[in-house]
Amino acid sequence: MAERTDHDVDVEVLVIGAGVVGVYALYRAIDAGFSARTLEAGDGVGGVWYWNRYPQARFDSESYTYGYLFSKELFEDWRWKEEFATQPEIESYLNHVVDRFDLRRHIHTGQKVASAVYDEAANVWVVTTEKGDVVRARWVISATGGLSVPHYPELDGLDDFAGQAHHTGAWPHTPVDFAGKRVAIIGNGPSGAQLLPAIVDVVASVDLYQRTPTWTTPLNNGPLTDERHRWLNDNWETVVKVLSTSPSGFLHEPAGKFSTADSPEQRQAFFETMWKAPGFGKLTMNYYDMTTNRELNLEFCAFLAGKIRSIVQDPVTAERLIPTDHLFGAKRPPFVADYFESFNKPAASLIALRETPIVRVDATGIETTEKHRDYDIIVYATGFDFGTGALTRMGVQGREGLDLSKGWEDGPADFGGFSAHQLPNFFFPGGPHGAGGGNYPRYSQDQVDWITATIVYAREHGFDVFEPTAAHQDAWMSMIETLAPKSIFSAEHSHYYGANVQGKPRKFLLNPGGRPKLHDMLGEMSSTENYTGAFRKKVVNDAHH
Ligand code: NAP
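Numbering (the working numbering), first residue to last: 42 to 586.
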């Protein structure tokens with residue numbers, strides 16, 4: 042038997058993470074004939090849909106637009122129960138996919154990656170897990186997600202609390218019993234907004250600690266009817282085409298008009314239809330100029346404020362719930378049923394942190410500048426270290442001493458939101474600058490398809506190194522910097538700017554050019570001259586060869 046050399050690998054493709062993107066990347070790698078393995082930190086498959094198992098965690102993208110599109114049979118056979126599915130159903134779906142396509146034997150769970158180091162001489166990634174296992178791979182696809190590292194608020198006494206404390210993004214597997222408990226929820230983004238109505242009827246009391254009010258609108262969920270299921274299956278080709286090419290990655294029909302086409306009265310009537318539109322439809326089906334015309338957006342905000350005042354019975358609470366510092370869409374809006382209605386329930390109270398900030402957490406509860414309140418359970422719905430969180434904590438070391446935790450200290454630099462100069466053969470679909478305003482799995486699908494095509498191209502053309510050049514990266518980054526201020530998600534206090542994590546550089550972390558720009562840049566990169574410039578044939582100088 043030939044002696045093992047430095048150049049040898051355990052697997053050709055190593056995927057890190059078994060979430061929505063990682064499962065797809067593994068499927069594509071195996072389907073393309075590579076040997077592949079996945080390392081997953083959790084004890085099960087699902088990624089965010091494994092960790093975020095708080096009550097009523099659910100999609101706010103339509104279930105069938107979020108799921109996979111690579112198999113017509115899978116699409117047809119899986120019968121989603123609701124337009125917007127809950128976490129248990131999503132977790133079952135992902136497990137179903139893993140079993141149906143025989144992927145489970147490639148997935149090693151309970152294996153959190155501690156370091157990923159590129160051995161340049163051997164052209165091998167050496168990936169070590171916290172348990173000390175080492176995997177050597179030619180290609181690494183780090184599908185570690187943008188929302189995978191929970192962010193806890195910087196509060197004095199956080200560890201002193203003697204009751205139960207849970208983060209929505211690291212929810213325990215044993216159900217949390219809220220019945221009759223005094224509960225605090227800190228944070229009112231999509232997670233906090235989903236949790237409040239889910240528990241308000243069973244708790245003794247629930248206080249929602251709100252720093253910045255949000256433009257929350259109803260999800261408008263419902264059962265997925267047989268008729269709808271049939272329609273989706275009958276129109277499979279069109280559905281796939283729209284989801285694979287539309288800028289947002291949804292099936293929503295755009296309004297097809299600018300606001301100037303309507304009178305003020307017609308606009309109010311149109312806003313009513315937006316209020317009743319499903320999920321992200323309030324953005325994707327709205328007037329074309331909703332996100333570019335400030336006056337129009339203010340008119341819509343006034344309409345939404347009117348809705349909040351009409352729902353919330355206590356006028357003081359209603360005013361506190363109305364945003365005053367950002368337009369609709371400037372922060373990622375939550376789409377949740379019964380959020381404002383919850384404040385009419387006797388158990389619920391709103392604590393406005395701009396008026397009465399938290400002083401400290403202690404053994405029995407939370408003290409604000411107003412008073413101390415006792416709790417049995419504190420829930421941190423305080424979001425994530427978005428975009429870069431997992432990648433900069435994974436001990437990634439590339440070529441010529443690039444250490445990602447230091448190299449990205451001033452913000453990430455990448456190509457396409459999934460690759461970077463000095464990181465040969467290392468991809469991170471769904472990474473920073475990956476998604477624009479739209480349906481995340483659809484963006485990541487584009488990236489994984491491109492990554493798979495790239496490593497297949499390398500195999501077919503005898504290359505064994507792919508690395509975007511500095512010029513590729515500069516072109517992509519200059520697009521990000523030019524378009525970022527024009528993005529609708531450009532509120533500088535949003536996590537899309539890293540603003541929720543103390544000390545994190547204020548850098549825009551989405552792709553402001555959206556899917557059209559991603560497709561343009563990938564098309565340009567794939568032009569023969571550009572593409573081959575990114576490949577190298579590694580000459581391995583090894584005595585054993
Ligand atoms: P988030 O949107 O980042 O919201 C975090 C919340 O915590 C904000 O209200 C924030 O206030 C508050 N907060 C953070 N630090 C705080 C502090 N020190 N003191 C007081 N309040 C603090 O997090 P998320 O709700 O978990 O959502 C994150 C992302 O996950 C979303 O954008 C979305 O992409 C995804 N998500 C999707 C769904 C879904 O429906 N499918 C559900 C949940 C999450 P400020 O606004 O003032 O910073």
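A virtual CB, placed ideally from N, CA and C, is assigned to each residue, including glycine. Just so we're clear, the structure is a prediction, and the values are computed from it rather than from any experiment.
Taking each of Ile349, Gly87, Phe75, Phe299 in turn and checking the Cα distance to Met331, the smallest one comes out for Phe299.
For Ile227, the distance from the CB to the nearest heavy atom of the ligand NAP is below 8 Å. Around the beta carbon of Lys372, 16 or more other beta carbons lie within 10 angstroms, which makes this residue buried.
Straight-line measurement puts the Cα of Asp242 at about 42 Å from the Cα of Asp487. With three or more CB-CB distances shorter than 8 Å, the stretch 430 to 437 counts as touching the stretch 458 to 475. In terms of side-chain proximity, the C-beta atom of Phe381 is found no nearer than 8 Å to any non-hydrogen atom of the ligand NAP. Judged by DSSP secondary structure, Leu55 falls within the beta strand (DSSP E) whose first and last residues are 52 to 57.
Under DSSP, His207 shares a beta bridge with Val420. Of the residues assessed, Pro356 falls on the exposed side of the cut-off, its CB having fewer than 16 other CB atoms within 10 angstroms.
Using a cutoff of 8 Å, the CB of Tyr134 does not count as near the ligand NAP, since none of the ligand's heavy atoms is closer than that. Within the same chain, no residue comes within 8 Å of Ser568 by CB-CB distance, once the 5 residues on both sides are set aside. Val247 and Ala512 have their alpha carbons spaced roughly 53 Å apart. Boundaries for Glu123: no alpha helix (DSSP H) harbours it, and the DSSP string shows neither H nor E there.
Boundaries for Glu408: no alpha helix (DSSP H) harbours it, while the beta strand (DSSP E) harbouring it runs 406 to 409, taken from the DSSP string. Around Asn571, the same chain offers His513, Glu565 as residues with beta carbons nearer than 8 Å, after the five sequence neighbours per side are excluded. In the three-state reduction of the DSSP assignment, Val377 falls in the coil class.
Within the chosen limit of 8 Å, the ligand NAP reaches the beta carbon of Val377 through at least one heavy atom.
For Asn541, the distance from the CB to the nearest heavy atom of the ligand NAP is below 8 Å.
By the Cβ criterion, the stretch 401 to 417 is in contact with the stretch 188 to 208, since at least three pairs of Cβ atoms, one from each stretch, lie closer than 8 Å. Inter-residue distance for Gln354 and His149 is about 52 Å (C-alpha atoms, whole angstroms). In this structure, the beta-carbon distance from Ala245 to Ala422 does not fall below 9 Å. Under a 10 Å Cβ-count criterion, Asp455 is classified as buried, with 16 or more other Cβ atoms of the shown protein chains found around its own Cβ.
Membership of Arg308 in the alpha helix (DSSP H) is indicated by the continuous run 305 to 316. Not one heavy atom of the ligand NAP lies closer than 8 Å to the C-beta of His207.
Of the candidates Phe530, Pro319, Leu339, Leu339 places its Cα closest to the Cα of Arg308. Here Pro482 carries a helix assignment [DSSP, helix/strand/coil]. No heavy atom of the ligand NAP is found nearer than 8 Å to the CB of Ala239. Buried is the label assigned to Asn262, since at least 16 other Cβ atoms lie within 10 Å of its Cβ. For the 9 Å CB-CB criterion, Pro364 and Thr255 form a contact. Between the ligand NAP and His413, a heavy atom-to-CB distance of less than 8 Å is absent. Within a 10 Å sphere around the beta-carbon of Arg556 sit 16 or more other beta-carbons, which makes this residue buried. Looking at the DSSP output, Thr127 bridges to Arg99. If you keep only unbroken beta strand (DSSP E) runs of at least 3 residues inside the stretch 198 to 267, you get 205 to 208, 223 to 227, 246 to 251.
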